[in-house]
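Read left to right, the sequence shown gives residues 250 to 563 (our numbering). Since the structure comes first, as structure tokens, the remarks are kept for the end.
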Amino acid sequence: MKSELQRAAEHWSKKEKPPAEVRPRWWQHRAICRHINRRVCGTDIDGAGAGLRRWVSSRITGLPLASGVSIGCGNAVKEINLIKAGIVDRFDLFEIAEERVKQGTLNAQQAGLEGRIQYHSHSPFAEAAEERYDLVYWDNSLHHMLDVREALQYSRDVLKPGGYLVMDDFVGPSRFQWTDRNLEIATQVRQSLPARFLKGWRSEEVIPAEVRRPSAEKLIADDPTEAADSDRIIPELQRIFPEVELKLTGGAVYHLALNDVLANFTDDDLPLMKLLLLVDDMASDLGENHYAAAIAQKPSSSVAARDRDQDQSV
Ligand SMILES: C[S@@+](CC[C@H](N)C(=O)[O-])C[C@H]1O[C@@H](n2cnc3c(N)ncnc32)[C@H](O)[C@@H]1O
Numbered sequence: 250m251k252s253e254l255q256r257a258a259e260h261w262s263k264k265e266k267p268p269a270e271v272r273p274r275w276w277q278h279r280a281i282c283r284h285i286n287r288r289v290c291g292t293d294i295d296g297a298g299a300g301l302r303r304w305v306s307s308r309i310t311g312l313p314l315a316s317g318v319s320i321g322c323g324n325a326v327k328e329i330n331l332i333k334a335g336i337v338d339r340f341d342l343f344e345i346a347e348e349r350v351k352q353g354t355l356n357a358q359q360a361g362l363e364g365r366i367q368y369h370s371h372s373p374f375a376e377a378a379e380e381r382y383d384l385v386y387w388d389n390s391l392h393h394m395l396d397v398r399e400a401l402q403y404s405r406d407v408l409k410p411g412g413y414l415v416m417d418d419f420v421g422p423s424r425f426q427w428t429d430r431n432l433e434i435a436t437q438v439r440q441s442l443p444a445r446f447l448k449g450w451r452s453e454e455v456i457p458a459e460v461r462r463p464s465a466e467k468l469i470a471d472d473p474t475e476a477a478d479s480d481r482i483i484p485e486l487q488r489i490f491p492e493v494e495l496k497l498t499g500g501a502v503y504h505l506a507l508n509d510v511l512a513n514f515t516d517d518d519l520p521l522m523k524l525l526l527l528v529d530d531m532a533s534d535l536g537e538n539h540y541a542a543a544i545a546q547k548p549s550s551s552v553a554a555r556d557r558d559q560d561q562s563v
């Protein structure tokens, strides 16, 4: 019998992308990326992940950090961008899907960074955690960890004192078991859209106007790591890294209501998109957040020692 990680590795090795001309996911939409970037760094700059890189560059002094680790890095595109942006000098990358390791190795070579990127094609947690990195990076992979507490404790343990955790991830309900309120908002959004937006991109299918929770069993059968423990990310982050700075980036509309629907948006629909992103902001203020970005610094040795002394004197 295959383990959960073996099944996940096969899933991520085989996973196909939609054809380039259809753009059904939020990270393929310029206006949504600009919206998220504004929430993260204060300016609506272009490009998925650009807001995070700008926030990190303004928040962390002494860049580039010497050495980073990223777990579940996929094809390493995001890590390559961090090196190119001068945020980190070199990376250890952990990735269980063989096909993604191959793609990432090629991407690193094409970027001329093969000497600064070292792939490891297994999960890192079995190895002894030593304080060896200046950066631990999680990008849409922390929500694939079966035990978020273990993954975040590992993150703290492998950081040198004064090192940073940077995260940009799905932090919504485990196994995508959306809240009643999010289902209501997403359904109302879909029902308010003209019929042309509900045309499926895969075939003649019609996208349902009523948004429902997926079956957790089916999700697990497809990929046992999908949103396995995601609703513990924020509480565990705040417990293990009490100094964490968080930016909640919404998603109730752009991720749930507009999933697949996005393929039907054209440039002419920008005013409608802006209105929908306003609804996303309002849902975020109500507490419906699928995504968040975070920066946390592990205290330097002297601060940690002072905190220990204070604890002992109470
Ligand atoms: C949603 S993908 C994100 C990939 C990449 N970070 C990105 O944003 O494009 C999650 C990745 O985590 C990998 N993964 C899942 N569990 C893992 C583990 N325990 N150790 C290393 N990689 C893992 C999967 O194979 C998959 O490539």
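Ideal Cβ positions, reconstructed from N, Cα and C, are used throughout, including at glycine.
Non-local C-beta neighbours of Arg424 in its own chain, meaning closer than 6 Å and more than five positions away in sequence, comprise Ala465, Leu468, Ala476, ordered along the chain.
The alpha-carbon separation between Val350 and Tyr368 amounts to approximately 7 Å. Exclusion of Ser252 from the 8 Å shell around ligand 1 follows from its C-beta lying no nearer than that to any non-hydrogen atom of the ligand. According to DSSP, Arg308 shares a beta bridge with no other residue. Its chain contains Ser390, His393 as the residues whose beta carbon lies nearer than 6 Å to that of Gly321, once the 5 sequence neighbours on both sides are disregarded; these appear in chain order.
Excluding five sequence positions before and after Gln352, the CB atoms of its chain that fall closer than 7 Å to its own CB belong to Asn324, given in chain order.
In the structure shown, Val415 falls within a strand segment according to DSSP collapsed to helix, strand and coil.
By DSSP's assignment, Trp261 forms no beta bridge with any residue.
Note that the region 397 to 416 does not touch the region 510 to 524; fewer than 3 beta-carbon pairs, one per stretch, sit closer than 8 Å. Around the beta carbon of Val455, a 10 Å sphere encloses fewer than 16 other beta carbons of the protein chains shown; the residue is thus reported as exposed. Rounded to the nearest angstrom, the Cβ distance from Val420 to Ile483 is 5 Å, consistent with a contact under 8 Å. Approximately 6 Å separates the beta-carbon atoms of Ile285 and Gly300; this is inside 8 Å, confirming the contact.
Shortest Cα-Cα distance from Val385 to any of Ala543, Lys333, Ser549 involves Ala543. Annotated three-state conformation of Val350 is helix, per DSSP. Per DSSP, Tyr540 lies in no alpha helix (DSSP H) segment; the continuous beta strand (DSSP E) that holds it begins and ends at 540 to 546.
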